[in-house]
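Peer 1: Would you mind keeping the following structure in view while I ask a few things?
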Amino acid sequence: MYDNNNLLLEEYLDNEEDDAQSIQRGAIPGHIVVYWDRETVAYNLWTDYFAEIPRFDKVKFRRCFRMSKGLFHRIADAVQNHDNFFVQQQDGIGRLGLSSLV
């Protein structure tokens, strides 16, 4: 009887550990949250195409974005002026959100 109770208790504790490890993260159950280093990606995009002295020239910019840099900036300005959703803001923990690059 004692061994049987120990086995039941051990099985119960194993199940509790499994449940504790499978805590839901993210907004949609079953979806895996992928860490995306958005600050580094935004910095790399900025230095590649939008810095004062960009890594890539205007030909590569046009090839990547299918438009001139001037047209890109006019579109980005118009979108920001139309809707504040596209203006860069801080998130809940103080990190800067996605940038419109202008």
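Read in order, the letters of the sequence shown are residues 1 to 102 in our numbering.
Note that the Cβ used here is the ideal one computed from N, Cα and C, for glycine as well.
Ordered along the chain, which non-local residues of its own chain (more than five positions away) have a Cβ less than 8 Å from that of P54?
Peer 2: T47, D48, F61
Peer 1: Could you have a look at V102 and say whether DSSP puts it in helix, strand or coil?
Peer 2: The pLDDT assigned to V102 is 48, lower than 50, so where the model puts this residue is not dependable, and the model offers no usable value.
Peer 1: Suppose contacts are defined by Cβ-Cβ distances below 8 Å. Is S99 in contact with A42 by that definition?
Peer 2: yes
Peer 1: Excluding sequence positions up to five away, which residues of its chain have a Cβ less than 8 Å from the Cβ of K58?
Peer 2: S68, K69
Peer 1: Which two residues bound the contiguous alpha helix (DSSP H) that contains F65?
Peer 2: 58 to 65
Peer 1: Please determine, among N6, E11, E10, E39, the residue with the shortest C-alpha to C-alpha distance to G94.
Peer 2: Cα-wise, what sits closest to G94 is E39.
Peer 1: Provide the residue span of the alpha helix (DSSP H) that contains A78, from first to last.
Peer 2: 69 to 82
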